[in-house]
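Asks: I am attaching a structure below and will ask some questions about it afterwards.
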Amino acid sequence: MAKEKKLQPAQQQRHQPGREYKMRPRPKAVDERQRGSGKLEGKVAIITGGDSGIGRAVAVAFAKEGASVAVVYLEEHKDARETQKLVESHGGKCLLIDGDAGDEEFSQAAVKQTIDEFGRLDIVVNNAAEQHPQDSIEKITARQLERTFRTNIFSFFFVTKAAMKHLKKGSAIINTTSVTAYRGSPQ
């Protein structure tokens with residue numbers, strides 16, 4: 001009989017963006033078994049939502065491969081500093097940029113700050129996301145809906161648009177999404 005995979009308990013926080021340091025159990029961001037091989041040596045990545053979760057794991061994995069990373073985050077200073085320490089402990093350079101990627105002017109400034117700090121940009125990881133779970137559509141406010149689209153859709157467009165003139169042949173744009181996009185919600 002095959003062993004069942006133990007799932008972590010679902011966790012929700014009222015305030016968005018969430019704070020990873022408050023989660024129990026903590027998400028695993030570093031796989032110590034994974035060793036870098038220099039695949040991203042000299043490359044620079046900007047990662048929205050890079051302070052926690054998938055974004056943190058990507059930042060650390062990229063650092064292990066030799067990349068420098070700019071981590072864009074919204075208000076989660078403690079999480080961002082923890083990500084920075086992890087990136088640096090794995091040999092990477094990490095620039096922290098606090099602000100709302102759902103704001104076009106901020107996204108332009110974040111890309112410029114990345115270029116000013118590292119001199120280039122090779123990889124864009126659009127990962128910032130938030131959700132405001134409700135048990136019925138009637139409970140979703142216009143403010144929640146707009147905030148969700150601004151973070152989960154507009155930020156991808158704004159950051160990518162600002163980065164395009166800096167990306168050369170061989171560069172990459174990576175967009176992530178929630179499993180909810182594929183699995184849906186029982187409500």
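Going by the working numbering, the sequence shown opens with residue 1, and the numbers climb by one from there. Where is the CB? At the ideal position from N, CA and C, for every residue including glycine. Since the model is a prediction, treat every value here as computed from it, not as a measurement.
#1: With a threshold of 16 other CB atoms inside 10 Å of the CB of His90, please say whether the residue is buried or exposed.
#2: Can you list, in chain order, the residues of its chain with a C-beta nearer than 8 angstroms to that of Ala163? Leave out the 5 residues immediately preceding and following it.
#3: Alpha helix (DSSP H) containing Val87: first to last residue?
#4: Residues in the same chain with beta-carbon distance under 8 angstroms from Ser37, minus the five sequence neighbours each way, listed in chain order, please.
#5: Please give me, in chain order, every unbroken run of the beta strand (DSSP E) with length at least 3 that falls completely inside the stretch 27 to 55.
#6: Residue range of the alpha helix (DSSP H) that Val124 falls in?
#7: Tell me whether Arg183, by its Cβ, gets closer than 7 angstroms to a heavy atom of the ligand FMN.
#8: Could you name each continuous alpha helix (DSSP H) segment of 4 residues or more that falls completely within the stretch 84 to 171, going from the start of the chain to the end?
#9: What are the boundary residues of the beta strand (DSSP E) that Ser68 is part of?
#10: Can you check which of these residues, Gly53, Lys139 and Ala61, is closest to Lys39 by C-alpha distance?
#11: Rounded to the nearest angstrom, what separates Ala80 and Thr141 at their Cα positions?
#12: Since Ala109 contacts Ser155 with CB under 8 angstroms, what's their CB separation in whole angstroms?
#13: Excluding five sequence neighbours on each side, which residues of the same chain lie with their C-beta closer than 6 angstroms to the C-beta of Phe158?
#14: When the Cα of Ala129 is compared with those of Arg150, Val87, Lys85 and Glu75, which residue comes out closest?
#15: Work out the CA separation of Tyr182 and Thr48 for me, nearest whole Å.
Replies: Put simply:
#1: buried
#2: Ile46, Val111, Leu121, Val124 and Ile173
#3: His77 to Ser89
#4: Glu65
#5: 44 to 48
#6: Not the alpha helix (DSSP H): Val124 falls in the beta strand (DSSP E), residues Ile123 to Asn126.
#7: Questions concerning the ligand FMN fall outside what the structure shown contains, since it holds no ligand whatsoever.
#8: 104 to 118, 142 to 149 and 155 to 163
#9: Ser68 to Tyr73
#10: Ala61
#11: 29 angstroms
#12: In fact, because the Cβ distance is near 13 angstroms, the residues do not count as touching under 8 angstroms.
#13: Glu104 and Ser107
#14: Arg150
#15: 21 angstroms
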